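Residue numbers (UniProt numbering), protein chains in the order written: chain A, 1 to 261; chain B, 1 to 261; chain C, 1 to 261; chain D, 1 to 261.
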């Protein structure tokens, strides 16, 4: 069994910024996908903002077990309908991993229901990431703590709902802390947010980071058959009630009528 | 200290349906507000869909400690910008209580990040509501279980995120169950969903239901000063870092530049 | 890879009660283990109260990936030290599934930190179990609801901590509800409680029940290397601090001293 | 309405260590209680290990709305029966705040169901505490971050169950992080753990620390009538079932018999 991953990349700064170009000659999504393809049982392809429908057609999402999302400069250019389509896929069972500045992406904000804001500083300071949940599958094979020589500071308070589990917390040289690895479930879909990954630093070349993302993919993967319409609210009429009941009382709906939305 | 509650009513079926008119001659929001106004320390007023800005101007929300929301027939008529404004107030600290069919309202779906769907049946069957969290403030003064002679069936699975706490679970005569009372926190705002309240039944005249809603108001109330801009993501520059650091590494942002959103 | 399951049975009523003997001629733990052994990738053996160390030596636990626990008549006969040993194995990463009346077992109460009490009635009434978390791995292959013709009523409030996830809720013919399937994480160990299984009814012969238990085993399994001493609180001295610091301020402990417990 | 607080102190190091004596001439519990008594609506008294029944008789606990617990050197000297009595009071609705090294106290370990272990270092390093949950009542009046000049390092992973809410995270000069403020609910009782407070430093003289403890007391207070026997599991016989049912099927218990525990 192979987990099919689509690595989505905004694909903007790699072309505009010489710094980013140099760190990621294979583009950020290319680098992330290549690392995943070195894993057993994972098959990663890429999709970008610039492709038709951002590369995220209904068919593509239907064949994506886990989607990873990196964006920063162009969150606003993502089509609302496609962001909603991504969320529907998650509710139906697609796993999703939001990387770094994707905290402000449309699908993340939509799935969280909160502002997803934070403090930030681009100073190339040192970050040390600590595991808070011992032997959590997302932390498999990662030391109890590991360092990134340069990372953008993301600081608390992080405007997200209380997670299902806090897996990592980051320590920053400049004095801040951040819940760097958090999990949630939304519908049938598993959601993982992972903080490191500023585009001017070689974060996605780091072995520990690559390990966490691959672990995250395996954790987020839900092998159950995707739910086709995860938003439907079906009527269950009286004659299909599990226990025999007799209809009574005043009614608003006529028999067989659709519910109001 | 008085908790200022705005009871928001869609105010549609009370005028269109003779059944609803008869059960709620003072309108649904009027009935809910009247019950709250019989409580010590609560002052309730109403607002409706038909008022300019649905009665939910920025000023009105700023002076609302807790908002209750009932809607059913006209979820789609709620202006997107006003739904977002309500969510911003919640993130800033306003409490909010979603009643019954408000599970499909725009602000609830936005705050949950999930479809909020369920099974339903309008058959006037009996519901019995059980407290699952003993001595929870929202259950104060309510028996361990109580009955509603007629209620619309809402059945699991209920498409919401795992709650902070499950306070009530409903048993339906027709054989279904439903998590009838659930809490979440979104930003600085407390959120309570409470399932009973189909418009053709006298649910909001019931003493236990009124007790739960008043308890919910007290629980949801956050006395802290409202956060003015709960979505801002401030830069904290190097010279304001809590620990002395020296900027290093390649940069994307120029000094003083706004972050990308 | 095979998941090694130890099915622990109290093994008392099967010998004392003719009723139970007739329903479970192969004993309750024997029936549960046989069903698990029909699954791919699971290898189940049994252990009972009457064996030396209740069959749960340190070695046996070290080779157990997931333990299932059923007890009722003789919770008090379980040795405190062995209950604690089971908890230590859980903290180190062993999965555990508590079945039915094991809600009052020593390891469950110890892992929950709460009374774990409930209402009950032995009347052979009908139970219907609803899935509340769509496509949760523990609910794989199980219908959205299924019935048990006879089950002991367990009713809310159930005195457990808020779970990580509510997977099932039970509806009882007599009017009660119960959170029938709940998950928690304790240390590195996954914990699942599943309510059905009164010894006078053929619950463990039911295909849906067997499916849920097998799913629960797969969900609870943590492939990470077991943590040897999951209770140790190590000192990390100044010279091993990740950041260079100088010791200062008044001290209680001498260098190299063990921490107080 | 006045919240009655009992400040429990182990009361050992204040007498044995000259360092501690000098920092806390009024003893640690005395200092904490004095600060609470400067608050409106809080009335604090003290109890210590050395008093009969550690000062925690049934009567005393019955008149305690919120208990705060500090211990370090003598966790093992706390009588098991009294630790259990404290937990029963919590399950019945008493609030409890565990301070610093109380992470290894008997009642905390019992309520958590986990090892409650951590890394530690006594080097007088700087700690900075960050609020992670904006406008949480426990963080009222406390800056978004504040410093302690000297504190004992407590480092992740912290062996506790996933909390209801993470309110504070601590940053340590030596490079570690710690979830410094965490909440849980156990039965009807609210539980708050707060990390700062090593006995050789003047932590409990700090205004921010005092503010958090007073906030914690107000948050933990449950005004509901204490549940007398929070561990009882009552039988609800057939003739008291909410819905009319007829007893059927084989039985283990005779009518009126107590349940097994």
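Yeah, the Cβ is synthetic: ideal placement off N, Cα and C, and Gly gets one too. Just so it is clear, the structure is predicted and the values come from calculations on it, not from any experiment.
Closest Cα partner of residue 187 of chain D within the set C:205, C:124 and C:112 = Stepping through the fourth chain from its first residue, residue 187 of chain D is reached at position 187. Taking only the C-alpha atoms, the option nearest residue 187 of chain D is C:112.
So the alpha helix (DSSP H) residue 82 of chain B belongs to, where does it begin and stop?
-> Indexing the second chain from 1 puts residue 82 of chain B at position 82. Where residue 82 of chain B is concerned, the enclosing alpha helix (DSSP H) stretches over 80-92.
Contact list for residue 145 of chain D against chain B, beta-carbon separation under 8 Å = To locate residue 145 of chain D, count along the fourth chain from 1; it is residue 145. Ordered by position in chain B, the residues that pass the 8 Å Cβ test against residue 145 of chain D are 242.
Let me know if residue 175 of chain A comes out buried or exposed under the rule of 16 or more other beta-carbons within 10 Å of its beta-carbon.
-> Numbered from its first residue, the first chain carries residue 175 of chain A at position 175. Buried.
Using a beta-carbon distance cut-off of less than 8 Å, what residues from the stretch 100-119 of chain C approach chain D?
-> Against chain D - using a Cβ distance shorter than 8 Å - the residues of the stretch 100-119 of chain C are 101, 104, 110, 111, 112, 113, 114, 115, 117, 118 and 119.
Tell me whether residue 159 of chain B is buried or exposed, calling it buried when 16 or more other Cβ atoms sit within 10 Å of its Cβ.
-> Indexing the second chain from 1 puts residue 159 of chain B at position 159. Buried, since its Cβ has 16 or more Cβ neighbours within 10 Å.
Determine the DSSP secondary structure at residue 249 of chain D, reduced to helix, strand or coil.
-> Within the fourth chain, numbered from 1, the residue matching residue 249 of chain D stands at position 249. DSSP places residue 249 of chain D in the coil class of the three-state scheme, outside both helix and strand.
Of all the options B:182, B:124, B:133 and B:6, which has the alpha carbon lying nearest to the alpha carbon of residue 32 of chain B?
-> What you label residue 32 of chain B is simply residue 32 of the second chain in a count that begins at 1. Residue 32 of chain B has its Cα closest to that of B:6, out of B:182, B:124, B:133 and B:6.
Look up residue 147 of chain C in the DSSP assignment and give the residues it is bridged to.
-> Position 147 of the third chain, counting from 1, holds the residue named residue 147 of chain C. Within the DSSP bridge table, the entry for residue 147 of chain C names C:128 as partners.
Residue 44 of chain A - partner residues in DSSP beta bridges | As a first step, residue 44 of chain A is located in the first chain; it is residue number 44 there, counting from the start. Beta-bridge pairing links residue 44 of chain A to A:5.
C-beta neighbour in chain D for residue 233 of chain B, strict 8 Å = Locating residue 233 of chain B in the second chain gives position 233, where the first residue counts as 1. So, not an interface residue.
Quick one: Cα of residue 254 of chain A to Cα of residue 199 of chain B, how far?
-> What you label residue 254 of chain A is simply residue 254 of the first chain in a count that begins at 1. What you label residue 199 of chain B is simply residue 199 of the second chain in a count that begins at 1. Each residue's alpha carbon lies about 15 Å from the other.
What residue ranges within the stretch 154-207 of chain C form continuous beta strand (DSSP E) runs of no fewer than 3 residues, ordered along the chain?
-> With a minimum length of 3 residues, the continuous beta strand (DSSP E) runs that stay inside the stretch 154-207 of chain C are 165-172, 177-186 and 189-194.
Of all the CB atoms in chain A, is at least one closer than 8 Å to the CB of residue 150 of chain B?
-> Taking the second chain and counting its residues from 1, the one referred to as residue 150 of chain B is at position 150. By this cut-off, residue 150 of chain B is an interface position.
Output yes if chain E places a C-beta closer than 8 Å to the C-beta of residue 51 of chain D; else output no.
-> Of the chains in the structure shown, none is chain E; the protein chains are A, B, C and D.
Enclosing alpha helix (DSSP H) for residue 61 of chain B [first to last residue] | If you number the second chain from 1, residue 61 of chain B lands on position 61. Judged by DSSP secondary structure, residue 61 of chain B falls within the alpha helix (DSSP H) whose first and last residues are 58-62.
Per DSSP, which one or two residues make a beta bridge with residue 98 of chain D?
-> What you label residue 98 of chain D is simply residue 98 of the fourth chain in a count that begins at 1. In the DSSP assignment, residue 98 of chain D is bridged to D:69 and D:193.
To which residues of the same chain is residue 122 of chain D closer than 6 Å at the C-beta, ignoring the five residues directly before and after it?
-> Position 122 of the fourth chain, counting from 1, holds the residue named residue 122 of chain D. Cβ neighbours of residue 122 of chain D beyond the five flanking positions: 152.
Quickly, what does DSSP pair residue 120 of chain A with across the bridge? List them, please.
-> Along the first chain, read from residue 1 onward, the residue named residue 120 of chain A stands at position 120. For residue 120 of chain A, which the question treats as bridged, DSSP gives the partners A:154 and B:235.
Roughly how many angstroms lie between the CA atoms of residue 204 of chain C and residue 28 of chain C, to the nearest whole one?
-> Locating residue 204 of chain C in the third chain gives position 204, where the first residue counts as 1. Locating residue 28 of chain C in the third chain gives position 28, where the first residue counts as 1. Their Cα atoms are separated by approximately 8 Å.
Measuring CB to CB, does residue 217 of chain D end up less than 8 Å from residue 97 of chain D?
-> The residue labelled residue 217 of chain D in the question sits at position 217 within the fourth chain. The residue labelled residue 97 of chain D in the question sits at position 97 within the fourth chain. It is a contact, given that the beta carbons lie within the stated cut-off.
Cα-Cα separation, residue 76 of chain B to residue 223 of chain B | Numbered from its first residue, the second chain carries residue 76 of chain B at position 76. Numbered from its first residue, the second chain carries residue 223 of chain B at position 223. One alpha carbon belongs to residue 76 of chain B, the other to residue 223 of chain B, and they sit about 32 Å apart.
Drop a sphere of 10 angstroms on the beta-carbon of residue 215 of chain D, count the other beta-carbons inside from all chains shown, and report buried for 16 or more, exposed for fewer.
-> What you label residue 215 of chain D is simply residue 215 of the fourth chain in a count that begins at 1. By the 10 Å Cβ count, residue 215 of chain D comes out buried.
Using beta-carbon positions only, say whether residue 189 of chain A and residue 91 of chain A come within less than 8 Å of one another.
-> In the first chain, counting from the first residue as 1, residue 189 of chain A sits at position 189. In the first chain, counting from the first residue as 1, residue 91 of chain A sits at position 91. Yes.
Give the single residue among D:85, D:8 and D:24 whose Cα lies nearest to the Cα of residue 202 of chain D.
-> Taking the first residue of the fourth chain as 1, we reach residue 202 of chain D at position 202. Residue D:24 is the option with its Cα nearest to residue 202 of chain D.
Taking Cβ-Cβ distances below 9 Å as the criterion, which residues of the stretch 176-193 of chain B are in contact with chain D?
-> Result list: 185, 187, 188 and 189.
Can you find a CB in chain D that lies within less than 8 Å of the CB of residue 196 of chain C?
-> Locating residue 196 of chain C in the third chain gives position 196, where the first residue counts as 1. Chain D contact via Cβ: absent.
What are the boundary residues of the alpha helix (DSSP H) that includes residue 142 of chain A?
-> Along the first chain, read from residue 1 onward, the residue named residue 142 of chain A stands at position 142. The continuous stretches of alpha helix (DSSP H) do not include residue 142 of chain A, and DSSP gives it neither H nor E.
Contact the stretch 124-131 of chain B vs the stretch 164-175 of chain B: 3+ CB pairs below 8 Å | A contact exists between the stretch 124-131 of chain B and the stretch 164-175 of chain B.
Under three-state DSSP, which class holds residue 111 of chain D?
-> Position 111 of the fourth chain, counted from the start, is the residue given in the question as residue 111 of chain D. Three-state result, residue 111 of chain D: helix.
Taking 8 Å as the CB-CB cut-off, is residue 246 of chain B touching chain C?
-> Position 246 of the second chain, counted from the start, is the residue given in the question as residue 246 of chain B. Put simply, the CB of residue 246 of chain B is far from chain C, with every gap to its CB atoms at 8 Å or more.
Starting from residue 29 of chain C, follow the alpha helix (DSSP H) in both directions and report where the run begins and ends.
-> On the third chain, residue 29 of chain C is found 29 positions in, with the first residue counted as 1. Per DSSP, residue 29 of chain C belongs to the alpha helix (DSSP H) from 28-37.
Return the CA-CA distance between residue 85 of chain C and residue 54 of chain C, expressed in angstroms with no decimal places.
-> As a working mapping, residue 85 of chain C is identified with position 85 in the third chain. As a working mapping, residue 54 of chain C is identified with position 54 in the third chain. Rounded to whole angstroms, residue 85 of chain C and residue 54 of chain C show a C-alpha spacing of 11 Å.
Below 8 Å on the Cβ atoms is my guess for residue 264 of chain D versus residue 185 of chain C; work out the distance and round it to an integer in Å.
-> For chain D, the structure presents residues 1 to 261; residue 264 of chain D sits outside this window and is missing.
Buried or exposed (CB count within 10 angstroms, at least 16 for buried), residue 58 of chain D | Position 58 of the fourth chain, counted from the start, is the residue given in the question as residue 58 of chain D. So residue 58 of chain D ends up on the exposed side.
Under 8 Å (Cβ pairs) to chain A, residues found in the stretch 59-79 of chain D = Flagged: no residues at all.
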